[in-house]
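Chains as they are written, first to last, in the working numbering: chain F, 609 to 719; chain S, 3 to 112.
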């Protein structure tokens with residue numbers, strides 16, 4: 609069985625500071641990793657996935673198979689980045705597209 | 003633009019009531035899911051469905067059942083609501099590994 613751990617429930621940074629939201633996973637096979645974000649009063653939505661290897665809203669995340677991590681990073685946080693962030697894993701051989709989510713990290717960016 | 007619609011934004015029910023949470027998607031997705039979202043626990047999968055009339059238990063199915071009579075509609079049923087089922091319930095459909103979520107239903111069981 610797979611497991612996703614987000615060690616920080618709350619992360620508070622000042623505007624312009626770098627931010628890193630940690631995500632660690634355990635899974636014996638090949639995983640696909642995602643970050644989902646939920647802004648205040650909005651629905652949960654995809655932020656990025658490791659397969660795409662792209663930067664969304666200035667965020668990047670690299671899959672580190674050696675450390676089994678998929679940390680989300682942004683060099684300069686903005687107030688509009690304040691939201692709830694969830695890391696999620698999907699086994700690549702899972703025909704059901706079932707994702708396992710971490711507990712979430714609330715990011716607060718202070719002015 | 004994918005649309006996943008949950009029929010109620012807020013619901014208040016009493017202990018022991020039978021509760022129906024409805025979800026409709028308009029993108030002809032085969033896979034649909036019900037999660038509950040609790041602070042500190044993240045999203046936990048209750049049930050999912052690969053196709054019409056097909057259903058599979060997720061991680062926390064106890065106290066819940068589901069119905070998928072039509073492809074676009076996936077219903078979550080609480081046979082006898084209890085206070086520990088007070089939560090935010092999220093419905094989602096998926097395609098190629100990407101989940102599309104509804105706005106959620108905040109259920110309070112008194």
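Just so it is clear, CB atoms sit at the ideal spot from N, CA and C, and this is done for glycine as well.
Cα separation between residue i and residue j?
i: residue 111 of chain S; j: residue 17 of chain S; result: 6 Å
i: residue 56 of chain S; j: residue 84 of chain S; result: 26 Å
i: residue 651 of chain F; j: residue 717 of chain F; result: 20 Å
i: residue 33 of chain S; j: residue 684 of chain F; result: 37 Å
i: residue 712 of chain F; j: residue 96 of chain S; result: 20 Å
i: residue 69 of chain S; j: residue 622 of chain F; result: 46 Å
i: residue 58 of chain S; j: residue 672 of chain F; result: 31 Å
i: residue 658 of chain F; j: residue 670 of chain F; result: 7 Å
i: residue 102 of chain S; j: residue 76 of chain S; result: 14 Å
i: residue 697 of chain F; j: residue 67 of chain S; result: 25 Å
i: residue 714 of chain F; j: residue 619 of chain F; result: 6 Å
i: residue 9 of chain S; j: residue 675 of chain F; result: 42 Å
i: residue 51 of chain S; j: residue 719 of chain F; result: 44 Å
i: residue 687 of chain F; j: residue 637 of chain F; result: 37 Å
i: residue 40 of chain S; j: residue 629 of chain F; result: 19 Å
i: residue 692 of chain F; j: residue 19 of chain S; result: 32 Å
i: residue 611 of chain F; j: residue 709 of chain F; result: 8 Å
i: residue 689 of chain F; j: residue 677 of chain F; result: 21 Å
i: residue 108 of chain S; j: residue 647 of chain F; result: 16 Å
Could you check what DSSP says for residue i in three-state terms: helix, strand or coil?
i: residue 87 of chain S; result: helix
i: residue 81 of chain S; result: coil
i: residue 688 of chain F; result: helix
i: residue 95 of chain S; result: strand
i: residue 671 of chain F; result: coil
i: residue 708 of chain F; result: strand
i: residue 616 of chain F; result: coil
i: residue 107 of chain S; result: strand
i: residue 11 of chain S; result: coil
i: residue 651 of chain F; result: coil
i: residue 623 of chain F; result: coil
i: residue 677 of chain F; result: strand
i: residue 59 of chain S; result: strand
i: residue 75 of chain S; result: strand
Tell me where the beta strand (DSSP E) around residue i begins and ends.
i: residue 1 of chain S; result: With chain S running from 3 to 112 in the structure shown, residue 1 of chain S is simply not present.
i: residue 51 of chain S; result: 44-51
i: residue 635 of chain F; result: It is not in any beta strand (DSSP E) - residue 635 of chain F carries neither H nor E in the DSSP assignment.
i: residue 701 of chain F; result: Careful: residue 701 of chain F lies outside any beta strand (DSSP E) and carries neither H nor E.
i: residue 7 of chain S; result: 6-8
i: residue 681 of chain F; result: 680-682
i: residue 54 of chain S; result: Counting along the chain, residue 54 of chain S falls outside any beta strand (DSSP E), and DSSP gives it neither H nor E.
i: residue 23 of chain S; result: 21-23
i: residue 113 of chain S; result: Chain S is shown from 3 up to 112; residue 113 of chain S falls before or after that span and cannot be answered.
Are there 16 or more other CB atoms within 10 angstroms of the CB of residue i, so buried, or fewer, so exposed?
i: residue 609 of chain F; result: exposed
i: residue 12 of chain S; result: exposed
i: residue 625 of chain F; result: exposed
i: residue 706 of chain F; result: buried
i: residue 700 of chain F; result: exposed
Is the shortest distance between the beta-carbon of residue i and the beta-carbons of chain A less than 8 Å?
i: residue 105 of chain S; result: Within the model displayed, chain A is absent; protein chains F and S are what it includes.
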